[in-house]
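Asks:
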Amino acid sequence: MAKSASPPPVIELRDLHKRFGIGDAEHFAIDGIDLTIQKGEFIAIMGPSGCGKTTLLNVLGLLDNSIEGEYLLNGKPIASLSQRRKAKIRSEEIGFVFQSFNLISRLNVIDNVALPLIYKGMSKLKREKKASKILHDFHLGEREFYMPSQLSGGQMQRVAIARALVNEPSIILADEPTGNLDSHASHIIMEELSDLHQKGNTIIMVTHNPNLTTYASRVITMLDGKVDTDTFRLPLPARESTKKPLGNTTKKKLARKKKDTK
Ligand SMILES: Nc1ncnc2c1ncn2[C@@H]1O[C@H](COP(=O)(O)OP(=O)(O)O)[C@@H](O)[C@H]1O
Ligand SMILES: [Mg+2]
């Protein structure tokens, strides 16, 4: 691989447009966005319903490739990549977290988390070992054999985050991950995203909750398919940014993280 002085931005958008509909119904859900995102940023995206936030995440996550303008991922124009290569990047380098958790109800927790590994051709035993390890890291070890319906919303979302991370992606895209959770569960999810951020991952999260933007290093507001404001800030340290007292699990987790330096 060629060496370069500094790595390219993780994401670079140049005059990005996304058009929906034809004729009279034609409109731009994304209407000219220029955006550069460096590795390790934690971006919160806000804006009114319909302003294009989900569309933007779908484009960034290579779920929607019919775009106009340029999208460079790690310096490579995605237009130059084959479908196969894009699918590989999507499954190995990008982790998605959705508002509605999207767990498969007929699979137990460990099988849900192990699912993305199937596409890697890993043996069942290896998949389960890996899923089990990440569930233990998330303090969900004793829930491995629960069905999703036996979990609280907060637990479901933590399982969904574990599933998004099982392939060790470097970019995490989260679309209103706390939209269905109460404030306490929301802050636990945010602590987890914050942890991932501190480990060097790039996180792009859509949220409606201005309180949660305190975890982010940059806040972008969108309006009518465009970037309206773009503000860099110092994120609060994970612990101090929690308004409510931490639950015991989170406290233990943070204490354990300090000891555990791997
Ligand atoms: N599949 C689609 N077909 C047609 N229009 C769409 C589609 N998806 C989104 N839109 C439109 O694009 C705009 C942006 O939608 P969306 O990205 O979902 O907004 P947000 O996530 O900010 O609420 C809206 O006007 C929406 O109706
Ligand atoms: Mg949306």
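So my numbering is basically just the index in the sequence shown, starting at one, shifted up by 319. Yeah, the Cβ is synthetic: ideal placement off N, Cα and C, and Gly gets one too.
Check whether the Cβ of T373 lies closer than 6 Å to any heavy atom of ligand 2, and answer yes or no.
Replies: As a first step, residue 373 is located in the sequence shown; it is residue number 54 there, counting from the start. Yes, the beta carbon of T373 sits closer than 6 Å to at least one heavy atom of ligand 2.
Asks: Could you name the residues that DSSP lists as bridge partners for Y390?
Replies: The residue given as residue 390 occupies position 71 in the sequence shown. Partner(s): L332.
Asks: Residues in its own chain within less than 8 Å of P396 by CB, not counting five upstream and five downstream?
Replies: The sequence position of residue 396 within the sequence shown is 77, counting from 1. E389 and Y390.
Asks: Whole angstroms is fine: what's the gap from H506's alpha carbon to G342's?
Replies: Here residue 506 is taken as the residue at index 187 of the sequence shown, counted from 1. Here residue 342 is taken as the residue at index 23 of the sequence shown, counted from 1. Each residue's alpha carbon lies about 44 Å from the other.
Asks: Between G498, P529, T533 and D494, which has its C-alpha nearest E510's C-alpha?
Replies: As a working note, residue 510 is residue 191 in the sequence shown. The shortest Cα separation from E510 among G498, P529, T533 and D494 belongs to T533.
Asks: Would you kindly check if the distance between the Cβ of G472 and the Cβ of L515 is under 7 Å?
Replies: Translated into the one-based positions of the sequence shown, residue 515 becomes position 196. Translated into the one-based positions of the sequence shown, residue 472 becomes position 153. No, Cβ-Cβ distance for L515 and G472 is not below 7 Å.
Asks: Enumerate in chain order the residues of its own chain whose CB-to-CB distance from I356 is below 8 Å, with the five nearest sequence positions on each side excluded.
Replies: As a position in the sequence shown, residue 356 is number 37, starting the count at 1. If we look at I356 and ignore the five residues flanking it on each side, its Cβ neighbours are P328, V329, I330, E331, I362, T521 and I523.
Asks: Within the same chain, show all residues whose beta-carbon is closer than 8 Å to that of S451, passing over the 5 residues directly before and after it, in chain order.
Replies: As a working mapping, residue 451 is identified with position 132 in the sequence shown. Result list for S451: I429, G460 and E463, in chain order.
Asks: Can you tell me whether DSSP reads K337 as helix, strand or coil?
Replies: For the purposes of this step, residue 337 is taken as the residue at position 18 of the sequence shown. Strand, per DSSP.
Asks: Looking at S368 and ligand 1, is the gap between the Cβ and the nearest heavy atom below 6 Å?
Replies: Residue numbering aside, residue 368 sits at position 49 when the sequence shown is read from its first letter. Because some heavy atom of ligand 1 lies under 6 Å away, the Cβ of S368 counts as near it: yes.
Asks: Give the secondary structure of M509 by DSSP, where H, G and I count as helix, E and B as strand, and everything else as coil.
Replies: If you number the sequence shown from 1, residue 509 lands on position 190. Reduced to three states, the DSSP call for M509 is helix.
Asks: If we count Cβ pairs, one from each stretch, closer than 8 Å, do we get three or more for the region 481 to 496 versus the region 406 to 423?
Replies: Yes, the region 481 to 496 touches the region 406 to 423.
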